[in-house]
Amino acid sequence: MQHPGLIYDLIKGILRRAEVEDRVNMTECLLRLEASNNSAAYEIPRPDEPFQNLNMCANSLKKILSRIPDEIYDRKKFLETIKDIASAIKDLLDAVNQVVTLMSTSRQALELRKREFVKYSKRFSTTLKDFFKENVKQDVFNSANHLINQTNMIMKTVIDAC
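Counting from 6, one number per residue, gives the positions in the sequence shown under the working numbering.
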(Lines of atoms letter the chains of each structure in order from A and count residues from 1; the text may use other names and numbers.)
(Lines give C-alpha, C1' and ligand atoms only; values in the text may rest on other atoms or scores of the structure.)
Protein backbone atom coordinates (compact mmCIF):
# COMPACT_ATOMS: atom_id res chain seq x y z
CA MET A 1 0.00 0.00 0.00
CA GLN A 2 1.51 3.29 -1.09
CA HIS A 3 -0.35 5.61 1.30
CA PRO A 4 -1.62 3.70 4.34
CA GLY A 5 -2.67 6.95 6.00
CA LEU A 6 -5.05 7.76 3.14
CA ILE A 7 -7.36 4.83 3.89
CA TYR A 8 -7.15 5.54 7.60
CA ASP A 9 -8.15 9.17 6.99
CA LEU A 10 -10.99 8.08 4.69
CA ILE A 11 -12.41 5.67 7.27
CA LYS A 12 -12.03 8.25 10.05
CA GLY A 13 -13.97 10.70 7.87
CA ILE A 14 -16.75 8.17 7.32
CA LEU A 15 -16.93 7.45 11.05
CA ARG A 16 -17.03 11.17 11.82
CA ARG A 17 -19.83 11.67 9.29
CA ALA A 18 -21.78 8.78 10.82
CA GLU A 19 -21.16 10.38 14.23
CA VAL A 20 -19.62 7.22 15.68
CA GLU A 21 -15.96 8.30 15.62
CA ASP A 22 -15.81 8.55 19.41
CA ARG A 23 -17.13 4.98 19.79
CA VAL A 24 -14.70 3.25 17.43
CA ASN A 25 -11.00 2.96 18.19
CA MET A 26 -9.48 2.77 14.70
CA THR A 27 -6.02 1.86 15.91
CA GLU A 28 -7.38 -1.05 17.91
CA CYS A 29 -9.54 -2.15 14.96
CA LEU A 30 -6.59 -2.08 12.57
CA LEU A 31 -4.57 -4.15 15.00
CA ARG A 32 -7.37 -6.71 15.33
CA LEU A 33 -7.83 -6.87 11.55
CA GLU A 34 -4.20 -7.88 11.09
CA ALA A 35 -5.10 -11.30 12.53
CA SER A 36 -7.24 -12.04 9.48
CA ASN A 37 -5.00 -10.37 6.90
CA ASN A 38 -4.23 -12.93 4.20
CA SER A 39 -2.92 -10.43 1.68
CA ALA A 40 -0.05 -11.56 -0.50
CA ALA A 41 1.09 -7.94 -0.86
CA TYR A 42 3.90 -8.49 1.63
CA GLU A 43 4.83 -12.06 0.70
CA ILE A 44 8.25 -12.59 -0.87
CA PRO A 45 7.80 -14.72 -4.01
CA ARG A 46 11.25 -16.32 -3.98
CA PRO A 47 11.08 -20.00 -2.98
CA ASP A 48 14.54 -20.06 -1.34
CA GLU A 49 14.41 -21.13 2.30
CA PRO A 50 15.78 -17.88 3.83
CA PHE A 51 13.15 -15.83 2.00
CA GLN A 52 10.33 -18.18 2.97
CA ASN A 53 11.59 -18.14 6.55
CA LEU A 54 11.42 -14.33 6.48
CA ASN A 55 7.81 -14.57 5.22
CA MET A 56 6.97 -16.91 8.08
CA CYS A 57 8.67 -14.76 10.73
CA ALA A 58 7.01 -11.55 9.51
CA ASN A 59 3.57 -13.14 9.44
CA SER A 60 4.10 -14.68 12.86
CA LEU A 61 5.09 -11.36 14.43
CA LYS A 62 2.11 -9.57 12.90
CA LYS A 63 -0.31 -12.25 14.10
CA ILE A 64 1.09 -12.09 17.63
CA LEU A 65 0.86 -8.28 17.66
CA SER A 66 -2.76 -8.55 16.50
CA ARG A 67 -3.61 -10.44 19.72
CA ILE A 68 -2.77 -7.42 21.88
CA PRO A 69 -6.29 -5.88 21.96
CA ASP A 70 -7.75 -9.15 23.26
CA GLU A 71 -5.02 -9.96 25.75
CA ILE A 72 -4.09 -6.55 27.15
CA TYR A 73 -6.91 -6.83 29.71
CA ASP A 74 -5.58 -10.10 31.18
CA ARG A 75 -2.19 -9.37 32.75
CA LYS A 76 -1.01 -13.00 32.75
CA LYS A 77 -1.96 -13.57 29.10
CA PHE A 78 -0.52 -10.20 28.11
CA LEU A 79 2.82 -10.97 29.75
CA GLU A 80 2.96 -14.23 27.76
CA THR A 81 2.13 -12.30 24.60
CA ILE A 82 4.95 -9.86 25.34
CA LYS A 83 7.37 -12.80 25.62
CA ASP A 84 6.05 -14.14 22.30
CA ILE A 85 6.54 -10.74 20.68
CA ALA A 86 10.12 -10.50 21.93
CA SER A 87 10.88 -13.94 20.55
CA ALA A 88 9.19 -13.14 17.22
CA ILE A 89 11.17 -9.89 16.91
CA LYS A 90 14.41 -11.80 17.47
CA ASP A 91 13.39 -14.42 14.89
CA LEU A 92 12.50 -11.73 12.37
CA LEU A 93 15.83 -9.96 12.83
CA ASP A 94 17.69 -13.27 12.44
CA ALA A 95 15.74 -13.96 9.24
CA VAL A 96 16.50 -10.46 7.91
CA ASN A 97 20.20 -11.01 8.63
CA GLN A 98 20.11 -14.23 6.59
CA VAL A 99 18.42 -12.51 3.67
CA VAL A 100 20.82 -9.53 3.78
CA THR A 101 23.72 -11.85 3.02
CA LEU A 102 21.94 -13.09 -0.13
CA MET A 103 21.12 -9.68 -1.54
CA SER A 104 23.56 -7.97 -3.84
CA THR A 105 21.32 -5.02 -4.67
CA SER A 106 19.29 -3.18 -2.07
CA ARG A 107 21.50 -4.42 0.75
CA GLN A 108 21.88 -0.90 2.14
CA ALA A 109 18.15 -0.25 1.89
CA LEU A 110 17.39 -3.44 3.81
CA GLU A 111 19.98 -2.60 6.47
CA LEU A 112 18.31 0.81 6.85
CA ARG A 113 14.88 -0.83 7.20
CA LYS A 114 16.31 -3.19 9.79
CA ARG A 115 17.71 -0.28 11.83
CA GLU A 116 14.33 1.47 11.64
CA PHE A 117 12.62 -1.74 12.78
CA VAL A 118 15.00 -2.01 15.75
CA LYS A 119 14.27 1.62 16.65
CA TYR A 120 10.51 0.96 16.62
CA SER A 121 11.03 -2.27 18.58
CA LYS A 122 12.79 -0.30 21.29
CA ARG A 123 9.97 2.26 21.29
CA PHE A 124 7.49 -0.59 21.65
CA SER A 125 9.43 -1.87 24.66
CA THR A 126 9.42 1.59 26.23
CA THR A 127 5.69 1.90 25.53
CA LEU A 128 5.07 -1.40 27.32
CA LYS A 129 7.02 -0.22 30.36
CA ASP A 130 4.96 2.98 30.40
CA PHE A 131 1.76 0.95 30.01
CA PHE A 132 2.47 -0.98 33.21
CA LYS A 133 2.97 2.34 35.03
CA GLU A 134 0.16 4.41 33.49
CA ASN A 135 -2.18 1.83 31.88
CA VAL A 136 -2.57 3.74 28.58
CA LYS A 137 -3.70 1.07 26.13
CA GLN A 138 -3.93 3.41 23.14
CA ASP A 139 -0.16 3.97 23.16
CA VAL A 140 0.41 0.20 23.07
CA PHE A 141 -2.00 -0.16 20.13
CA ASN A 142 -0.26 2.68 18.27
CA SER A 143 3.18 1.25 18.90
CA ALA A 144 2.12 -2.25 17.82
CA ASN A 145 0.70 -0.84 14.59
CA HIS A 146 3.99 0.97 13.98
CA LEU A 147 5.83 -2.34 14.39
CA ILE A 148 3.50 -4.00 11.89
CA ASN A 149 4.14 -1.16 9.46
CA GLN A 150 7.91 -1.47 9.92
CA THR A 151 7.66 -5.22 9.33
CA ASN A 152 5.76 -4.52 6.11
CA MET A 153 8.41 -2.00 5.05
CA ILE A 154 11.11 -4.67 5.47
CA MET A 155 9.08 -7.09 3.39
CA LYS A 156 8.41 -4.48 0.69
CA THR A 157 12.13 -3.68 0.47
CA VAL A 158 12.98 -7.35 -0.07
CA ILE A 159 10.12 -7.84 -2.55
CA ASP A 160 11.24 -4.83 -4.59
CA ALA A 161 14.78 -6.25 -4.73
CA CYS A 162 13.67 -9.71 -5.88
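Using N, Cα and C, we set each Cβ at its ideal position, and we do this for glycine too. Bear in mind the structure is a predicted one, so any value in this text is a computation, not a measurement.
Sub-9 Å separation of residue i and residue j beta-carbons
i, j, result
"F56", "V163", "yes"
"E48", "K68", "no"
"M158", "E116", "no"
"N60", "M160", "yes"
"S65", "A93", "yes"
"T168", "L97", "Residue 168 lies beyond the stretch modelled for the chain, which goes from 6 to 167, so this question has no answer here."
"K17", "E24", "no"
Same chain, Cβ closer than 6 Å to residue i, five either side skipped, listed in chain order
i, result
"K119", "V101"
"N58", "A100"
"F129", "S148, L152"
"R51", "C167"
Contact set for residue i: own chain, Cβ-Cβ below 7 Å, skip 5 residues either direction
i, result
"V145", "I73, I77, T132, L133, F136"
"V105", "R112, L115, E116"
"I87", "L133"
Contacting residues, own chain, Cβ-Cβ under 8 Å from residue i (five flanking each side not counted)
i, result
"T110", "A166"
"L36", "L70, S71, I73, P74, F146, A149, N150, I153"
"Q7", "Because Q7 carries a pLDDT of 44, less than 50, the predicted location of this residue cannot be relied on, and no value is offered for it."
"F83", "I73, E76, I77"
Top-ranked residue by Cα proximity to residue i, from the options
i, options, result
"K142", "E24, I16, K95, N30", "N30"
"C62", "K138, Q103, L84, E85", "Q103"
"S126", "K95, Q113, R112", "K95"
"N140", "R28, D89, I19, R80", "R80"
* Asked: What are the uninterrupted segments assigned as alpha helix (DSSP H) that are 4 or more residues long and contained completely in the segment 15-84, given in chain order?
  -> 31-38, 54-71, 73-76
* In chain order, which continuous runs of the beta strand (DSSP E) of length 3 or greater are located wholly inside the segment 85-127? -> none
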